[in-house]
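In this note's numbering, the protein residues as written are 682 to 1109.
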């Protein structure tokens, strides 16, 4: 399904966040007066991009970053030429040839996507289309959802925040009268065009048999299938689809009530993420949870406060996210979900041990705990273990009749808690 929209109504930052939040796979194509750029998503993660200037490619970026040589790039392009139907994206080809390490590939891809987003941030006009059936940078190379992020992927919100920072730094330098070279100059192509051309296959002479006209008299008249018309990009409808996936065991009216809450919580004409970043108030919540509803709702309701929400259920990933936030000067807060949260197999002892280890490694990070409403012993233990606050969370399985209403009250309180601890007083 293809969804189209106008950049005058929805900023590129909001589009990227929405695709990330709803864990969509597909190609985001942005078209304007300067040209066309594409950003590739797989389950909400960034796995590829195509800059509007065709000279800025992943191979060129890696050469300019001194990760590979021009000879390495030529070898990989030659391998692509003769791969035929098995042709894969250049970055994966380089990795399979042993020319690029995982870390270098990560940095190269991040730089290419960052360059692409920085260019798009300044656009005030143009159109965009998100196609969840097309997961390709070019017609020759496609991505399989769930495969690329196993090899290399980037958190969309983290890259977005870094891109906003780079954009602002470049704009400040320009206003200060400094010469800021364009990315077209910095990452100009390192190979002649002929070295990039893929070998053209020799096609046989066109005959009636090839065109299927030899048996024209025997063919039945068929009405051609109608051309698929892209739908308007509606953020509410995208949230609706996601909630239907998560709350499959709830009736439609209850699902719609939760969608209405999300719509009300995010009604805002501006883009606070951008304004917050420009004022230097980068803030983030790192949520340790397997609860898809909590994760999606938290990402959605915190967006308008300029607070990013990252979610993981892996301890190593928890440390990586916190480290990346701190490297980007984003202030993180850590929230542990309730041990008996929907879909969780963690015991109370597991959560207690995890948060103690987290406190040892991240002493400056504020930490909070979610718990079952009636479990006062776990709540008291959480405070003894250094949690700054404990917030009771509704039980999806035990109180299904009032769960939607209870969850909306909980999320409003969650948002207030996060705002009070993370945002400066002048932003509240």
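Even glycine gets a Cβ: it sits at the ideal position worked out from N, Cα and C. Every value quoted in this text rests on a predicted model; they were computed, and no experiment measured them.
Where residue i falls, given that 16 or more other Cβ within 10 Å makes a residue buried
{"i": "residue 853", "result": "exposed"}
{"i": "residue 970", "result": "buried"}
{"i": "residue 1075", "result": "buried"}
{"i": "residue 863", "result": "exposed"}
{"i": "residue 694", "result": "buried"}
{"i": "residue 792", "result": "buried"}
{"i": "residue 706", "result": "buried"}
{"i": "residue 990", "result": "buried"}
{"i": "residue 869", "result": "exposed"}
{"i": "residue 1077", "result": "buried"}
Per-residue DSSP class, three states only, for residue i
{"i": "residue 725", "result": "coil"}
{"i": "residue 738", "result": "coil"}
{"i": "residue 979", "result": "helix"}
{"i": "residue 955", "result": "Note that residue 955 has pLDDT 48, beneath the 50 cutoff, so the model's placement of it is unreliable and no number is given."}
{"i": "residue 893", "result": "Since pLDDT at residue 893 reaches only 42, below the 50 mark, its modelled position is unreliable, and the value read off the structure follows with that caveat. Three-state DSSP puts residue 893 in coil, outside helix and strand."}
{"i": "residue 1011", "result": "coil"}
{"i": "residue 857", "result": "coil"}
{"i": "residue 730", "result": "strand"}
{"i": "residue 709", "result": "strand"}
{"i": "residue 1016", "result": "strand"}
{"i": "residue 797", "result": "helix"}
{"i": "residue 842", "result": "helix"}
{"i": "residue 828", "result": "Any reading at residue 828 must be qualified, since the residue scores a pLDDT of 43, below 50, and its modelled position is unreliable; the value itself is stated next. Coil, per DSSP."}
{"i": "residue 787", "result": "helix"}
Cα-Cα separation, residue i to residue j
{"i": "residue 966", "j": "residue 1096", "result": "11 angstroms"}
{"i": "residue 807", "j": "residue 1055", "result": "52 angstroms"}
{"i": "residue 1002", "j": "residue 762", "result": "38 angstroms"}
{"i": "residue 964", "j": "residue 846", "result": "13 angstroms"}
{"i": "residue 1042", "j": "residue 1069", "result": "17 angstroms"}
{"i": "residue 1022", "j": "residue 756", "result": "51 angstroms"}
{"i": "residue 760", "j": "residue 774", "result": "8 angstroms"}
{"i": "residue 684", "j": "residue 713", "result": "17 angstroms"}
{"i": "residue 1099", "j": "residue 1030", "result": "25 angstroms"}
{"i": "residue 1101", "j": "residue 1015", "result": "14 angstroms"}
{"i": "residue 851", "j": "residue 790", "result": "20 angstroms"}
{"i": "residue 1064", "j": "residue 835", "result": "34 angstroms"}
{"i": "residue 1045", "j": "residue 1062", "result": "20 angstroms"}
{"i": "residue 788", "j": "residue 748", "result": "10 angstroms"}
{"i": "residue 802", "j": "residue 692", "result": "8 angstroms"}
{"i": "residue 734", "j": "residue 984", "result": "31 angstroms"}
{"i": "residue 938", "j": "residue 1060", "result": "30 angstroms"}
{"i": "residue 744", "j": "residue 813", "result": "31 angstroms"}
{"i": "residue 731", "j": "residue 1020", "result": "42 angstroms"}
{"i": "residue 799", "j": "residue 975", "result": "30 angstroms"}
{"i": "residue 1092", "j": "residue 764", "result": "51 angstroms"}
{"i": "residue 1013", "j": "residue 1080", "result": "32 angstroms"}
{"i": "residue 995", "j": "residue 1004", "result": "14 angstroms"}
Within 9 angstroms, strictly: CB atoms of residue i and residue j
{"i": "residue 1007", "j": "residue 841", "result": "no"}
{"i": "residue 809", "j": "residue 914", "result": "yes"}
{"i": "residue 977", "j": "residue 924", "result": "yes"}
{"i": "residue 1000", "j": "residue 1040", "result": "no"}
{"i": "residue 833", "j": "residue 772", "result": "yes"}
{"i": "residue 1073", "j": "residue 1058", "result": "no"}
{"i": "residue 1017", "j": "residue 1048", "result": "yes"}
{"i": "residue 778", "j": "residue 786", "result": "no"}
{"i": "residue 709", "j": "residue 811", "result": "yes"}
{"i": "residue 929", "j": "residue 968", "result": "no"}
{"i": "residue 1084", "j": "residue 942", "result": "no"}
{"i": "residue 865", "j": "residue 736", "result": "yes"}
Item to check | Whole beta strand (DSSP E) elements within the stretch 1035-1094, 3-residue minimum | outcome: For the beta strand (DSSP E) assignment, the uninterrupted runs of no fewer than 3 residues enclosed by the stretch 1035-1094 are, from N- to C-terminal side, 1048-1052, 1070-1073.
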